Structures are given as structure tokens and as C-alpha cells.
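Engineer: So the sequence shown is residues 19 to 379, counted in our numbering.
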Amino acid sequence: MAQIKKIGILSSGGDAPGMNAAIRAVARKAIQMGIEPVGVIGGYKGLVDEDLKPLSSCDVSNIVNRGGTALYTARCLEFQTEEGMNRAIATCKRNNIDAIVAIGGDGTFRGATDLAVHGIPTVGVTGTIDNDITATDYTVGFDTAMNTVVELVDKLRDTCESHSRINVIEVMGRHCGQIALCAGIASGAIATIIPEVPFDEAEILNRIKTAREDGKRGMIVMVSEGVFVKDGQGNEIPYGEVITNKICEMGLDAKFVRPAHIVRGGTPTLRDRLTATKMGVKAVELIAEGKSNLVVIENDGKIESLDILFALTADRMYKGKLKDGDLDKFSAEDIKAMEAISEKRRAEIAELYAIANDVAH
Ligand code: F6P
19 MAQIKKIGIL SSGGDAPGMN AAIRAVARKA IQMGIEPVGV IGGYKGLVDE
69 DLKPLSSCDV SNIVNRGGTA LYTARCLEFQ TEEGMNRAIA TCKRNNIDAI
119 VAIGGDGTFR GATDLAVHGI PTVGVTGTID NDITATDYTV GFDTAMNTVV
169 ELVDKLRDTC ESHSRINVIE VMGRHCGQIA LCAGIASGAI ATIIPEVPFD
219 EAEILNRIKT AREDGKRGMI VMVSEGVFVK DGQGNEIPYG EVITNKICEM
269 GLDAKFVRPA HIVRGGTPTL RDRLTATKMG VKAVELIAEG KSNLVVIEND
319 GKIESLDILF ALTADRMYKG KLKDGDLDKF SAEDIKAMEA ISEKRRAEIA
369 ELYAIANDVA H
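1) If you pair each beta-carbon of the segment 275–293 with each one of the segment 187–198, do three or more pairs fall below 8 Å?
2) Can you tell me whether DSSP reads leucine 70 as helix, strand or coil?
3) Measuring only the C-alpha atoms, how far is alanine 117 from alanine 374?
4) Jot down the residue ranges of each uninterrupted beta strand (DSSP E) in the segment 98–136, minimum 3 residues, whole runs only, in chain order.
5) With a threshold of 7 Å (Cβ to nearest heavy atom), would isoleucine 147 be considered close to the ligand NAP?
6) Cα separation between aspartate 124 and arginine 183?
7) When you compare only the Cα positions, how much space is there between leucine 330 and valine 245?
8) In three-state DSSP terms, what is threonine 255?
9) Can you list, in chain order, the stretches of the beta strand (DSSP E) that have 3 or more residues and sit fully within the segment 233–289?
10) Asparagine 185 lies in the beta strand (DSSP E); which residues open and close that run?
11) Could you check the C-alpha separation between isoleucine 53 and alanine 272 for me, to the nearest Å?
12) Use the C-beta contact count for alanine 163: other C-beta atoms within 10 angstroms, 16 or more gives buried, fewer gives exposed.
13) When the Cα atoms are used, what is the spatial distance from leucine 340 to valine 314?
14) Quick one: what's glycine 86 bridged to in DSSP?
15) Taking buried to mean at least 16 other C-beta atoms within 10 Å of its own C-beta, is proline 216 buried or exposed?
Structure below.
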């Protein structure tokens with residue numbers, strides 16, 4: 019095994035609070051192990067364009083507490099082409115980059131696998147507010163995002179209570195309702211609507227009507243951005259807007275709120291800084307051991323790693339997106355493990371959803 023002397027660090031896809039703590043941890047742990055860290059600016063685009071920055075210990079000072087990513091991020095279509103990949107590999111070779119730590123979500127890990135296939139060892143660290151990578155219990159950024167939503171709802175509560183109004187709040191999460199579900203419980207929503215669980219619109223509207231009759235003034239309806247209905251032309255209409263109109267049609271005052279990217283910014287919480295740091299350290303240890311094509315995950319509170327392809331396939335299995343042949347490379351034991359991961363996630367969501375409804379009104 020060739021000794022690892024230099025590693026590149028990049029963040030890619032949507033930024034997430036805590037990414038900086040991961041960058042800092044990777045850089046500092048590498049330096050501590052005698053490995054030179056180099057920052058790749060703007061995700062995979064930085065590899066394609068050879069935009070690099072050597073990182074000293076001081077360069078990563080004062081970022082553990084900052085949201086966003088100090089290495090910047092971008093979605094890079096060129097990296098997905100053969101020419102872009104060749105340029106990225108050439109950048110690694112010219113600059114003696116022996117391995118890459120890639121921080122991000124599933125798109126980032128697909129890129130990491132491509133690099134590994136082309137001979138550049140890579141390890142991924144999960145960073146996305148969505149917590150939508152099924153093979154890990156946790157992705158860096160999730161806790162901060164949930165806390166931001168709770169803080170925003172607390173502010174909304176002040177005003178909707180004063181005005182006897184219903185605020186419908188739509189939160190990010192792409193196709194995953196976890197931010198909405200957890201923040202809905204923590205902020206006392208009367209209804210939480212997520213893509214993973216079918217809901218009964220009439221029952222929700224009735225719940226709101228009954229609560230008002232019972233004397234409840236302000237109410238919060240939490241909707242995940244992944245819930246849509248189709249209009250006559252087949253266009254997807256965000257469900258948060260739809261239910262706001264339906265509440266108004268019942269003669270109640272309702273307003274729709276979409277904080278959008280505000281939920282992705284801000285000071286990372288302790289949970290995100292700590293997990294990012296643990297994951298960053300683990301990523302460097304794995305690389306120094308000569309491992310590649312792994313993603314660092316959290317499993318029942320422990321920091322572990324999984325083969326990236328296994329993790330991505332388990333994710334597709336849970337999301338019902340498996341394509342023909344996807345499972346061919348895996349043993350029966352692997353497939354069983356993937357099924358167990360999907361089941362664990364389903365059970366977790368079902369339990370939280372039941373709790374949300376138990377305390378809704
Ligand atoms: O994946 C993070 C995320 O913020 C999702 O919650 C959201 O759907 C998406 O990214 C928004 O992407 P963009 O920043 O490209 O608008």
C-alpha cells in the first residue's frame with residue numbers, strides 16, 4: 019500500500035451547517051498524522067479546474083462555528099463527463115493528491131465513487147440538512163436545520179396566537195420529511211405532512227376546525243417541501259400552498275410561510291460540530307489505513323463506515339428507486355442488510371409520525 023502523503027478535501031452539493039467543522043477536522047487530523055491537506059475550491063469543479071488551496075492548521079481556525087462551507091460548493095455537470103473526469107484525475111496526479119475526502123450528500127458520493135473507480139481513493143462524509151441518506155442515522159447539518167425551523171416557528175407562534183391565525187410552514191428536505199417531522203413535533207404543530215406517510219386531508223382540516231372550536235387560536239401546520247399535488251395540466255403544486263387555501267376556504271385566517279434556504283444557513287449546533295468532527299477524523303483514519311470508496315456514517319450512535327455503493331444502493335432500495343441489475347453485485351447477506359436499513363428507517367419515521375399525531379391536539 020502506497021503511503022498517503024497528501025489528501026484533498028472538498029464539499030459538494032448543497033451546503034450544510036457543520037461542513038466547516040468537518041473540513042477543520044479532516045485538515046487537523048491529517049496534519050497530526052503527517053499528511054498534507056489541500057482544500058479543493060468549489061467541490062468537484064475545483065478538481066476539474068485545478069482550483070486548490072494548501073491548508074495549514076491556521077487556515078481552518080475560526081470556522082468550526084460558521085455555517086456554509088469555507089471551501090465553497092457547486093454542482094458541476096462537467097465532472098460527470100469523461101473529459102471533466104480526466105481533468106479531475108490529472109489535477110490529482112499533477113498535485114500529488116493521493117486521496118480525497120468528499121463532504122456532501124448522495125450526489126457527492128456518486129462523484130466520489132467515480133473518482134475511486136479511476137484510481138483516486140476517496141472517503142465520503144455525510145453533510146446535508148435533509149438527513150436523507152438512509153444508510154446513516156444522521157447527516158451533518160440536520161440538527162441545525164431542525165433547530166432553525168423550531169426557532170422560526172416560535173416566532174410565528176407569537177404572531178399567529180395574537181391574530182388567531184393558522185400558519186402553514188413549508189420546510190426543505192427534498193423528498194425526505196425528516197426535518198418537517200422532527201421540527202413539527204418539537205414546535206407543537208397541529209399537523210405535520212410529509213412525503214413518506216399518506217395523510218387524510220379531510221381529517222386534518224377537521225382537526226383544525228375542532229381545535230378552533232375548542233378555543234385554540236394560533237396553529238402551526240408543518241409541511242415538507244416534498245409533498246405535492248398535481249393540477250389539471252400535471253404541474254406539481256406545493257401542498258403547503260394548497261392546504262393554506264383550503265383552510266382559508268373554511269373561513270379561517272391562514273398564511274403560508276416558506277423560509278427556504280434560511281433553513282440551510284446559520285451557526286451549527288453542538289450536535290453538528292461534534293458529529294462532523296468525529297466523522298472527519300474517522301475519514302482521515304480510514305484513508306491512512308489505505309481504505310477507499312467508503313462513506314462515514316452514524317449507526318446507533320457509533321461512527322462507522324460503509325462501502326459507498328452499498329450505501330447508495332440501500333438508499334435507492336428504501337426510496338423504491340432500484341433499477342434492474344442494481345442488486346446483482348451484492349451478496350444475499352448484503353441485500354438482507356440493506357433491507358434491515360430500510361426497515362429501520364421506516365420504523366423510525368412511523369414511530370415519530372405516530373407521536374406527532376398523538377400530541378397534535
Ligand atoms: O439538499 C439540500 C437542499 O437544501 C434540499 O433541502 C432542497 O430541496 C435543495 O437542497 C435545494 O437546492 P438548491 O440550493 O439548489 O435550491
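From the three backbone atoms N, C-alpha and C, an ideal C-beta is built for every residue, glycine too.
Since this is a predicted model, take the numbers as computed values, not measurements.
Structural biologist: Taking the coordinates as given:
1) yes
2) strand
3) 44 Å
4) 117–122
5) Within the structure as shown, the ligand NAP is missing, the only ligands being the ligand F6P.
6) 39 Å
7) 23 Å
8) According to the sequence displayed, residue 255 carries isoleucine and not threonine. Reduced to three states, the DSSP call for isoleucine 255 is strand.
9) 237–242, 246–248, 254–256, 272–275
10) 184–189
11) 57 Å
12) buried
13) 22 Å
14) Bridge partners of glycine 86: none, in fact.
15) exposed
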